[in-house]
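Following my numbering, the numbering of the sequence shown begins with 921 at its first residue and continues without gaps. See structure below.
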Amino acid sequence: MCGVSAARAIASPRLASRTSPSPLASQIPAWVAWSAGRGKGAAIRRPWRPENRRATDLDAETLRNAAMASKAWPYEEARKLLKRWPEGKPAGGPVIFETGYGPSGLPHIGTFNEVARTSFVRHAYEELTGGTATRLIAFSDDMDGLRKVPDNVPNQAMLEENLGKPLTQIPDPFGEYPSFAQHNNAMLCRFLDRYGFDYEFLSATDCYTSGRFDDVIRKVLHGFDAIMGVMLPTLREDRRKTYSPVLPISPTSGRVLQVPVEVIDAEAGLIAFDDEDGSRVQQSAFGGSAKLQWKVDWAARWVALGVDYEMAGKDLIDSVIQSGKIARILGGRPPEGFNYEMFLDEKGEKISKSKGNGLSLEEWLRYGSEPSLAFYIYREPKRAKSLHIGVIPRAVDEYLQFRGNYPKQAVEQKLGNPVHHIHRGTVPEQSLPLTYGLLLNLVSLPGLQDKEVAWRFVQRYAPGTSPESDPELDELIGLAVNYARDFVVPGLQRRAPSEEEAAALRELDSELAKLPPDASAEDIQTQVFEVGKKHYGKENLRAWFQALYETLLGSSQGPRMGSFIALYGIDNCRKLIAEALQTET
């Protein structure tokens, strides 16, 4: 359990079900519960929730047969689980998926990434098996010792004094929860609840202090030498001298100690070590008096919780291998999974929390929709991709394009379409009358960085629409306004047309004057093409459109001009042409 129930969860060894929003979710302010720019009172569809999973218009047999042959990566991953349990898990037990979270910091886009991708595989497995029971564990490593003080939290001096202590034993610097870990665990649950993920929260502190991990710790002590044989060759010489699979908690300082440990009695869990003051201490490794070194902890968790599937970043390939070997020493079986590639910034450098060169979830949702983020995360997980502000407009429009293609696709194509996995087979049927890119060009014009003003143009272009009846379109307009205001408008600079360009603009103005005010985008586009072919030739139309973008919109790239003129209005576009001609060189 998270949030207000976190203290009770630590005392209970039982997995806390999180298949519905936590009590804490009801305390979230309304503005947090809706993405930026959403229509007032418009419900957000949460495809992660259990009631929205396994929904499709295909019968189970057709779906399963197509999924078995599909090359979509979630099905490829799910088929690994079919090979793992061809007859299903013993006694009909659920297949366990897991994701991990380090609560020394707040949840971020990487957290969303891993939970979303794991959920894609989970859903694919359920489709392949006709709804076999599954569970997703969100595991918090909240018994780790605090290694360094985060830059973005208050009470730095207090945290400095508590370095090395388990995160659940450090006061909350925000003063809201019993411990720093419980604060960040609450943020994790709030984060996952906000996006409707179906999961079960589990605390490392809970597992250690309740005795749930005692049996696997006993196995670690029995296999101590074998585990050392796996780990020591991977360590630097100086680290080998202090390495131990078991990390005792100092009885005097309460810190997690990185010291050599002697196993006195593996069965009884008795260990010995030198405390910080140099005194020799014998104490139990059970009941929260010790924790496991993280690669050993990872393996022990797989074994103790019966984890069947967990993915990890490419930077953890070696760790997965080592933890897999340790899991076998403990008598278990490593989970299935794969290593996804890391995100890069606009310079092609690996995103790092310490560098601060990443894109936050809040930033994406200020400028792009939640499904567009899931769409971007879904695609090509084994290829390094840029993750920065500039990728958002294209991601939004590609998501809408793939969604629009879905209804008319054959079943094989549907299962390869990212939107099938994002929406759990229940893909929204409505289409939008215009693209994010087209909206961006509209709201980037002077005086249009306002949602209500933009709506007046949209309603003329698409009669019958409104913020109340079209909440998704309302959201899109708000997102485009945010993006234009923050990134597009500051860099726009319309240039003066050349003599040749001015002649073409005059003729375009003349042709537009002949059209009725409600001319279709297609009719307008035809006139734009005809003028371009006359002045530039059919082979050089690219230069004509670039001239339009640079002289009228102040950008080297732009929308389909027929659609833009229909949206902005013929008279308004003629005014843009007149303004450009006044600056003719």
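For glycine and all other residues, C-beta sits at the position ideal for the given N, C-alpha and C.
### Query
Where does the unbroken beta strand (DSSP E) through residue 1202 begin, and where does it stop?
1200 to 1204
### Message
With distance defined between alpha-carbon atoms, name the residue in 1453, 1456 and 1355 nearest to residue 1487.
### Response
1355
### Message
Please classify residue 1172 as buried or exposed, where buried requires at least 16 other C-beta atoms within 10 Å of its C-beta.
### Response
exposed
### Task
With a 10 Å radius around its C-beta and 16 neighbouring C-beta atoms as the bar for buried, classify residue 1373 as buried or exposed.
exposed
#### Entry: Buried or exposed (CB count within 10 angstroms, at least 16 for buried), residue 988
exposed
### Query
Would you report the Cα separation of residue 1479 and residue 1466, rounded to the nearest angstrom?
10 Å
### Message
So for residue 1110, helix, strand or coil by DSSP?
### Response
helix
### Query
Candidates 1206, 1041 and 1181: which alpha carbon is nearest residue 1200's?
1181
### Message
Mapping the DSSP letters down to three states, classify residue 1229 as helix, strand or coil.
### Response
strand
### Query
Okay, do the region 1240 to 1251 and the region 1054 to 1061 touch, 3+ Cβ pairs below 8 Å being the bar?
no
### Message
Taking the alpha-carbon of residue 1284 as reference, which of 1416, 1503, 1399 and 1250 has the nearest alpha-carbon?
### Response
1399
#### Entry: Whole-angstrom distance between residue 1177 and residue 1136, CA atom to CA atom
20 Å
### Message
Extract the residue ranges of the alpha helix (DSSP H) inside the region 1096 to 1144, only unbroken runs of 4 or more that lie entirely within it.
### Response
1100 to 1114, 1124 to 1129 and 1134 to 1142
### Query
Helix, strand or coil: how does DSSP classify residue 1449 here?
helix
#### Entry: Cβ-Cβ distance between residue 1309 and residue 1147 below 8 Å
no
### Message
Quick check: is any heavy atom of the ligand COA less than 7 Å from the C-beta of residue 1210?
### Response
Among the components modelled here there is no ligand, and therefore nothing to report on the ligand COA.
#### Entry: Which of helix, strand or coil DSSP assigns to residue 1084
coil
### Query
Who are the Cβ neighbours of residue 1302 in its own chain at under 6 Å, not counting the five residues just before and after it?
1261
### Message
Among 1128, 1278 and 1421, whose alpha-carbon lies nearest the alpha-carbon of residue 1464?
### Response
1421
### Task
For residue 1491, name the three-state secondary structure that DSSP assigns.
helix
#### Entry: Chain-order list of residues whose beta-carbon lies under 7 Å from that of residue 1233 (same chain, five-residue window excluded)
1259, 1260 and 1262
#### Entry: DSSP three-state assignment for residue 1186, whether helix, strand or coil
coil
### Query
Are there 16 or more other CB atoms within 10 angstroms of the CB of residue 1412, so buried, or fewer, so exposed?
exposed
### Cβ neighbour criterion (16 or more within 10 Å) applied to residue 1350
exposed
### Task
Tell me the start and end of each unbroken alpha helix (DSSP H) in the region 1342 to 1427 that is at least 4 residues and wholly inside, in chain order.
1356 to 1363, 1371 to 1381 and 1391 to 1403
### Residue closest to residue 1017, alpha-carbon to alpha-carbon, out of 1170, 998 and 1280
998
### Query
Three or more beta-carbon pairs under 8 Å between the region 1106 to 1113 and the region 1195 to 1215, yes or no?
no
### Query
In the structure shown, what three-state DSSP assignment does residue 1153 receive?
helix
#### Entry: Cα-Cα separation, residue 1256 to residue 1034
15 Å
### Task
Take the Cβ of residue 1237 as the centre, count every other Cβ of all protein chains shown within 10 Å, and call the residue buried at 16 or more, exposed below.
exposed
### Task
Compute the distance between the beta-carbons of residue 1378 and residue 1369, then report whether it is under 8 Å.
no
### Message
With distance defined between alpha-carbon atoms, name the residue in 1359, 1376, 978 and 1112 nearest to residue 1404.
### Response
1359
### Task
Could you name each continuous beta strand (DSSP E) segment of 3 residues or more that falls completely within the region 1214 to 1302, going from the start of the chain to the end?
none
### Query
Quick one: Cα of residue 1341 to Cα of residue 1458, how far?
42 Å
### Query
Taking just the CA atoms, how far does residue 1072 sit from residue 1506?
Past the boundaries of the shown model lies residue 1506; the chain is included only from 921 to 1505, so the question cannot be answered.
### Query
Pairing CB atoms from the region 1131 to 1145 with CB atoms from the region 1221 to 1233, are three or more of them under 8 Å?
yes
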